[in-house]
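S.K.: Numbering (the working numbering), first residue to last: 71 to 652.
Pasting a structure below so you can have a look.
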RNA sequence: GCACCCGUAGAUCAGCUGGAUAGAUCGCCAGAUUCCGAAUCUGGAGGUCGCAGGUUCGAGUCCUGCCGGGUGCGCCA
């Protein structure tokens, strides 16, 4: 249970006893740690609504709370702030009783859609945030007590497919895939490698941009693929297999995994019946040869364009596949919600899809959430580019961060004598932590500036700092065991630094709940950092392994163990596990 | 043009549903290591919260207008 919830209930009861709504009893961690540990500002609001003096009401509430032995101090400050400080015994008891955590009351099943890589297109920095935030949201959902299903939602069904097919057809028209008379079976071996795809796609894309006739050809091929032309389907399956292997590897390097590897193509069979049903219900209309669904509403401030179900050439767009995907998810997993971790520039698109889903009765609109995120920018404040001005591949970024982390480790003399493979594994973890923490510690919706030197620093609010704190705590516990310092006992509060650390540990549930409720992982990052800071202060101020008093020693070891456990739990949710040593 | 996001310390950013003296981190200045990992810790300087009005007992937070930056607006994803 949340400690703040327990305190809120107490204060709420006091408000009720004075004839006010218990909700005024909301207690939170104090903004003024120099004055108190917790505060309740309810007296101001309650008095305002009742036309009473807030200070006087605060005194009445405080008088009731003072009777509880839980509190070491209850006071009223300023216009009516109620300041609360718990006894050290109460703090220790709650920590040892497992307080401070949090779990949702009603477990739900939530699908997280956070990949969206396109076949034949290498992953680039644009995919990074979706991967990092999505993976974290998936873990956050689970930490909150819900069930999560991560779906990569491959972009395997759009115009790029037609562009690729036609490009290969031009290059090698002799292949059986392009012979309408060919009756199969088609070759098992892919006619193209990953490198071919990565070369051919930009080539095709550029050609289509330059030549309308070439573009029309690609659109026709896309439509033919979607209509089921056997040769195109066979070729497309090769694209899929070749791409997936490399995509999987890159996500794994980032510690990102998916439960479902579904894609747009998987829902293709659902599209025709779905649209037919919409048509029968009179929800669609033909406009300029395209079949659309109008979604504008009376109170709209902006003009929301209709969702195009079928283009005038008969091919579908991603709005159509997104709708069919909702249908598929509903039937196969019966999710309570679906989260889309996708760039904020697609907000209008998801507004369209969500409205369409609601209007068509496919899925409740308010259970579909677009968890959009901002852009990762370069130091110039503009979207991140390579020196040449191109898009940086994710592979290149991972290598860059890897190397930087390895260099940092080498220059500080860490991991000496660990052996090459362990050192490399540590560098990978440090690099991933640097990258992920930098991303997640910003509010999801804001843009941020990518600064590799700052991110990989071991100083300040960085991923490596957190890893270091974890490693140090583990090291202490190992040393204590080796030195026969005794087993960790129940944490107790003695020194001010211990009190501060215990208070931080008790705030974990609030951070978890805030992060989940608001779908903002940075609350958890903030907690992790402040927790690590509290630990470092405690560590600097208190002897642990060689503390002479065995009772204090055991309590402090217990505190270290509690810290290490909680930090590692949070690091796990953030998707940046610490090494055992470094 | 319309809609949305943003503007807080030299830099990068927090600030929950309106509450006390606007917080961190980096950088800068001054300290701390016969001791468990100093990649650390302690302290200090540094802010007209873009501008101007308004609502309120109280505004970084809510409302209006303006200035500046970014993004999106029908057959790409």
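Beta carbons are placed, not taken as given, at the ideal position from N, Cα and C, and that holds for glycine.
For residue 223, count neighbouring C-beta atoms within 10 Å of its own C-beta (all shown protein chains included) and say buried if the count is 16 or more, exposed if not.
M.R.: It is buried - the Cβ of residue 223 has at least 16 other Cβ atoms within 10 Å.
S.K.: On a Cα-Cα basis, can you pick out the residue from 197, 234, 429 that is closest to residue 347?
M.R.: 429
S.K.: Assuming the contact rule is C-beta atoms closer than 8 Å, residue 361 and residue 345 should be a hit. Round their C-beta distance to whole Å, please.
M.R.: 7 Å
S.K.: Within 8 Å, do at least three Cβ pairs link the stretch 392–400 to the stretch 292–305?
M.R.: no
S.K.: With a 10 Å radius around its C-beta and 16 neighbouring C-beta atoms as the bar for buried, classify residue 598 as buried or exposed.
M.R.: buried
S.K.: Would you call residue 562 buried or exposed, if buried means 16 or more other Cβ atoms sit within 10 Å of its Cβ?
M.R.: Buried is the label assigned to residue 562, since at least 16 other Cβ atoms lie within 10 Å of its Cβ.
S.K.: Taking the alpha-carbon of residue 618 as reference, which of 634, 638, 553 has the nearest alpha-carbon?
M.R.: 553
S.K.: Under DSSP, the beta strand (DSSP E) around residue 156 begins and ends at which residues?
M.R.: 151–156
S.K.: For residue 549, name the three-state secondary structure that DSSP assigns.
M.R.: helix
S.K.: Exposed or buried, which one is residue 78 when buried takes at least 16 other CB atoms within 10 Å?
M.R.: buried
S.K.: Helix, strand or coil, according to DSSP, for residue 233 in the structure here?
M.R.: helix
S.K.: With which residues is residue 99 paired in a DSSP beta bridge?
M.R.: 108
S.K.: Whose C-alpha, out of 633, 506, 147, is nearest the C-alpha of residue 576?
M.R.: 633
S.K.: Which residues does DSSP list as the beta-bridge partners of residue 440?
M.R.: According to DSSP, residue 440 bridges with 410.
S.K.: Would you mind giving the Cβ-Cβ distance between residue 507 and residue 612, rounded to the nearest angstrom? I have them listed as a contact below 8 Å.
M.R.: No, residue 507 and residue 612 are not in contact; Cβ-Cβ is about 27 Å, not under 8 Å.
S.K.: Is the beta carbon of residue 409 closer than 8 Å to that of residue 202?
M.R.: no
S.K.: Counting along the chain, where does the beta strand (DSSP E) carrying residue 433 start and finish?
M.R.: From DSSP, residue 433 is part of no beta strand (DSSP E); its letter is neither H nor E.
S.K.: Label residue 84 either buried or exposed according to how many other C-beta atoms from any shown protein chain fall within 10 Å of its C-beta, with 16 as the threshold for buried.
M.R.: buried
S.K.: Please identify the residue among 315, 588, 387, 616 whose C-alpha is closest to the C-alpha of residue 211.
M.R.: 588
S.K.: Identify the residues that DSSP records as bridge partners of residue 453: which are they?
M.R.: 447
S.K.: For residue 326, which residues in the same chain have their Cβ closer than 6 Å to its Cβ, ignoring the five residues on either side in sequence?
M.R.: 201, 205
S.K.: Can you tell which of 441, 190, 298 has its C-alpha closest to the C-alpha of residue 268?
M.R.: 190
S.K.: Does DSSP classify residue 262 as helix, strand or coil?
M.R.: coil
S.K.: Output needed for residue 654: all residues of its chain with C-beta closer than 6 Å, excluding positions within five of it in sequence on either side, in chain order.
M.R.: Coverage of the chain is limited to positions 71 through 652, which leaves residue 654 absent and any answer about it impossible.
S.K.: Determine, using beta-carbon pairs with one atom in the stretch 543–560 and one in the stretch 490–500, whether at least three such pairs fall under 8 Å.
M.R.: no
S.K.: Look at the Cβ atom of residue 80, then the Cβ atom of residue 135, and state whether they are nearer than 8 Å.
M.R.: yes
S.K.: For the 8 Å Cβ check, are there 3 or more pairs between the stretch 224–235 and the stretch 275–289?
M.R.: yes
S.K.: Between residue 529 and residue 239, what straight-line distance do the alpha-carbon atoms span, to the nearest angstrom?
M.R.: 55 Å
S.K.: Check for me: the alpha helix (DSSP H) holding residue 211 runs from which residue to which?
M.R.: 195–213
S.K.: What separation, rounded to the nearest whole angstrom, lies between the Cα atoms of residue 118 and residue 141?
M.R.: Distance between the alpha carbons of residue 118 and residue 141 is about 27 Å.
S.K.: Whole-angstrom Cβ separation of residue 503 and residue 533, contact assumed at under 8 Å?
M.R.: Rounded, the Cβ-Cβ distance is 3 Å, consistent with contact.
S.K.: Report the option in 571, 628, 509, 537 whose CA atom is closest to the CA atom of residue 551.
M.R.: 628
S.K.: Rounded to a whole number of angstroms, what is the C-alpha to C-alpha distance between residue 247 and residue 470?
M.R.: 40 Å
S.K.: Tell me whether residue 71 sits in a helix, a strand or coil according to DSSP, three-state version.
M.R.: coil
S.K.: If you drop the 5 nearest sequence neighbours on each side, which residues of the same chain put their C-beta closer than 7 Å to that of residue 625?
M.R.: 559, 560, 561, 562
S.K.: So residue 363 is in the beta strand (DSSP E); what residue range does that whole segment cover?
M.R.: 360–363
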